[in-house]
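**Student:** Supplied in structure tokens, the structure appears directly below.
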Amino acid sequence: MFSERVVNVGNVIIGGNHPIVIQSMTNTDTKNFEGTLRQINDLADAGAKIVRVSVRDMEDISSFSKIVTYSKVPVVADIHFDYRLAIEAIKAGAAKIRINPGNIGSEEKIKKIVEVAKEYKVPIRIGSNSGSIGKEFRNLPRYQALAESVLKDVRLLEKEGFYDIVISMKSVEVKENFLANKYLSEMVPYPFHIGITEAGVFEDAAILSSVGIGSLLINGIGDTIRVSISGNPLKEIEIAKSLLVLLGFENGIRVVACPTCARTEINVERLAYDVKSWIEGKTVNRSITISVMGCIVNGPGEAKHSDLAIVGTKNSSAAVFLKGKLYGTFKNCELKDVLLKLIDTI
Ligand code: SF4
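Numbering-wise, this note's numbering puts 282 at position 281 of the sequence shown, and it's gapless, one number per residue.
Rendered as structure tokens:
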């Protein structure tokens with residue numbers, strides 16, 4: 002059970018029982034219209050359903066308005082400090098705006114943003130992180146302070162009759178991140194944008210995001226995800242997609258493999274990589290698990306849950322199991338064709 006309410010971001014629906022939406026953010030200069038548009042469309046081709054762009058000044062607005070016209074996916078405007086930029090971004094065609102009310106300033110300014118967002122039917126993501134906790138909450142445990150800060154902003158929007166809200170609280174501390182999201186998810190019906198902020202370079206970000214995002218998703222929290230990495234945002238999509246497929250939240254093929262031991266009859270690692278390369282780019286309309294197991298002693302039993310299993314046997318051949326039943330024994334050179342054929346029958 003994910004969020005009770007849903008929010009429309011352009012033609013993408015976030016929340017409820019809708020698929021979890023992968024998003025990312027450009028790191029080009031927004032004034033560079035062509036470069037930013039190219040990056041957005043590359044991200045869209047890789048699997049991003051929404052892309053966020055920083056809008057820092059009025060000059061960015063004119064580029065932003067062209068970007069939204071030509072983008073393949075809805076574009077979110079990321080605004081800090083200046084409420085007028087939020088208003089102009091909405092008028093320029095933003096599909097959603099991200100603000101941190103804490104740095105926008107007075108309630109009056111926030112009300113002005115809400116008024117225009119209502120008129121244009123544009124949702125607002127209320128973003129907060131551990132650096133923007135309201136003074137009045139500083140005596141609470143940090144996770145609670147983070148959540149209460151956001152809740153205060155949510156109540157402000159609700160007071161204005163505005164409910165197209167997406168919640169986001171991020172921390173680089175995975176446990177704090179988890180507790181804050183869990184705490185607030187029990188208090189509000191809105192969709193949650195989740196992720197680990199400042200997660201670092203690729204390897205570290207992959208681990209932190211997997212734990213941070215994964216722990217929330219398996220608890221039914223999180224409607225849209227962003228994996229933050231320092232580097233090419235296309236890598237964010239790579240991690241996000243793998244995460245969703247491996248956890249079974251998105252249709253796709255996951256390849257699991259045994260850790261190998263003295264009983265291994267085949268090179269499990271090489272075969273697992275081969276299988277991954279054979280299925281690359283293959284789309285399926287359900288979750289499929291393929292197991293690569295090193296020996297016939299334990300392999301079939303351990304791979305019983307899999308749709309397909311390749312189990313090493315003596316004589317450089319492999320036994321293929323379909324839904325736990327032996328399908329046949331094949332030479333290595335035959336495996337690719339057998340596997341691809343069987344995937345289509347599942
Ligand atoms: S499947 Fe066989 S080779 Fe792989 S870890 Fe289990 S016992 Fe070892």
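From the three backbone atoms N, C-alpha and C, an ideal C-beta is built for every residue, glycine too.
1. Could you give the distance in angstroms between the alpha-carbon of D206 and the alpha-carbon of V257?
2. Skipping 5 residues on each side, what residues in its chain have a beta carbon closer than 6 Å to that of R255?
3. Quick one: complete alpha helix (DSSP H) runs, 4+ long, within the segment 74-111?
4. Give the DSSP-derived three-state secondary structure of M2 in the structure shown.
5. Measure from the alpha carbon of T225 to the alpha carbon of each residue in N9, Y144 and Q24, then state which is nearest.
6. When the distance is taken between beta carbons, is K92 closer than 9 Å to I77?
7. With a Cβ-Cβ cutoff of 9 Å, do I127 and V151 count as a contact?
8. Measure the CB-CB distance between M170 and N130 and report whether it falls below 9 Å.
9. Taking the DSSP output, what are the residues bridged to F193?
10. Out of curiosity, what's the CA-to-CA distance linking S288 and D308?
11. With a threshold of 8 Å on Cβ separation, who are the neighbours of K337 within its own chain once the five nearest residues in sequence on each side are excluded?
12. For V285, which three-state DSSP category applies?
13. Does the count of Cβ pairs from the segment 175-192 and the segment 2-21 closer than 8 Å reach three?
14. Taking 8 Å as the cut-off, is the CB of A273 close to at least one heavy atom of the ligand SF4?
15. Let's test the definition: count the other Cβ atoms within 10 Å of the Cβ of M59 and tell me whether it reaches 16, buried, or not, exposed.
16. Please return the same chain residues whose Cβ sits closer than 7 Å to the Cβ of L272, not counting the five positions on each side in sequence.
17. Considering Cα atoms alone, identify which of P75, I21 and S107 is closest to T85.
18. Which residues count as close to the ligand SF4 when the rule is a CB under 6 Å from any of its heavy atoms, in chain order?
19. Which value, in whole angstroms, describes the spacing of the CA atoms of S103 and S55?
20. Using a Cβ-Cβ cut-off of 7 Å (strictly less than) and excluding sequence neighbours within five positions of L44, which residues of its own chain qualify?
21. I'd like to know whether the C-beta atoms of I88 and V117 end up nearer to each other than 9 Å.
22. Please classify A207: does DSSP put it in a helix, a strand, or coil?
23. Once DSSP output is grouped into helix, strand and coil, what is the label at L327?
24. Determine the DSSP secondary structure at T314, reduced to helix, strand or coil.
25. N178: buried (16+ other C-beta within 10 angstroms of its C-beta) or exposed?
26. Can you tell me whether I214 is helix, strand or coil according to DSSP?
27. What are the boundary residues of the beta strand (DSSP E) that includes V54?
28. Do I21 and G223 count as a contact pair if the criterion is CB distance below 9 Å?
**Tutor:** Answer, in terms of the structure:
1. The residue given as residue 206 occupies position 205 in the sequence shown. The residue given as residue 257 occupies position 256 in the sequence shown. For the sequence presented, residue 206 should be read as Ala rather than Asp. Going from the Cα of A206 to the Cα of V257 covers about 22 Å.
2. Position 254 of the sequence shown, counted from the first residue, corresponds to residue 255. Within the same chain, R255 has close Cβ partners V246, L247 and T290.
3. 84-93 and 102-105
4. The residue you call residue 2 lines up with position 1 of the sequence shown. Reliability of the predicted coordinates at M2 is poor, the pLDDT of 49 falling under 50, and the value obtained from them is presented with this limitation in mind. Note: M2 maps to coil in three-state DSSP.
5. As a first step, residue 225 must be located in the sequence shown, where it is residue number 224. Nearest of N9, Y144 and Q24 to T225, Cα basis: Q24.
6. Translated into positions along the sequence shown, residue 77 becomes position 76. Translated into positions along the sequence shown, residue 92 becomes position 91. At residue 77 the sequence reads Val, which differs from the Ile that was named. Cβ distance not < 9 Å, so V77 and K92 don't count as in contact.
7. Mapped onto the sequence shown, residue 127 falls at position 126. Mapped onto the sequence shown, residue 151 falls at position 150. In contact: I127 and V151 (Cβ atoms closer than 9 Å).
8. Working through the sequence shown from its first residue, we reach residue 170 at position 169. Working through the sequence shown from its first residue, we reach residue 130 at position 129. Taking 9 Å as the Cβ cut-off, M170 and N130 qualify as a contacting pair.
9. Translated into positions along the sequence shown, residue 193 becomes position 192. Looking at the DSSP assignment, F193 forms a beta bridge with I168.
10. Your numbering for residue 288 matches position 287 in the sequence shown. Your numbering for residue 308 matches position 307 in the sequence shown. Their Cα atoms are separated by approximately 9 Å.
11. Within the sequence shown, the letter at position 336 stands for residue 337. Excluding residues within five positions, the ones whose Cβ falls inside 8 Å are D275 and W279.
12. Numbered from 1 along the sequence shown, position 284 holds the residue referred to as residue 285. V285: coil per DSSP, three-state reduction.
13. yes
14. Translated into the one-based positions of the sequence shown, residue 273 becomes position 272. A273: no, Cβ never under 8 Å from the ligand SF4.
15. Within the sequence shown, the letter at position 58 stands for residue 59. When all chains shown are included, M59 counts as exposed.
16. By 1-based counting over the sequence shown, the position of residue 272 is 271. Taken in chain order, the residues that qualify are V293 and I311.
17. As a working note, residue 85 is residue 84 in the sequence shown. Going by the sequence as given, residue 85 is Arg instead of Thr. Considering only alpha carbons, the answer is S107.
18. C259, P260, T261, C262, R264, T265, M294, G295, C296, V298, N299, G300 and E303
19. Numbered from 1 along the sequence shown, position 102 holds the residue referred to as residue 103. Numbered from 1 along the sequence shown, position 54 holds the residue referred to as residue 55. Checking the displayed sequence, the identity of residue 103 turns out to be Gly instead of Ser. So the alpha carbons of these two residues sit roughly 17 Å apart.
20. As a first step, residue 44 must be located in the sequence shown, where it is residue number 43. Only S25, V52, P234, L235 and I238 meet the Cβ criterion.
21. The residue you call residue 88 lines up with position 87 of the sequence shown. The residue you call residue 117 lines up with position 116 of the sequence shown. For I88 and V117, yes; Cβs fall inside 9 Å.
22. Translated into positions along the sequence shown, residue 207 becomes position 206. A207 falls in the helix class under three-state DSSP.
23. Translated into positions along the sequence shown, residue 327 becomes position 326. Reduced to three states, the DSSP call for L327 is strand.
24. As a working note, residue 314 is residue 313 in the sequence shown. In the structure shown, T314 sits in coil (DSSP, three-state: anything other than H, G, I, E or B).
25. Position 177 of the sequence shown, counting from 1, holds the residue named residue 178. Label assigned to N178: buried.
26. To locate residue 214, count along the sequence shown from 1; it is residue 213. Correct three-state label for I214: helix.
27. Taking the first residue of the sequence shown as 1, we reach residue 54 at position 53. Element bounds for V54: I51 to S55.
28. Within the sequence shown, the letter at position 222 stands for residue 223. Within the sequence shown, the letter at position 20 stands for residue 21. It is a contact, given that the beta carbons lie within the stated cut-off.
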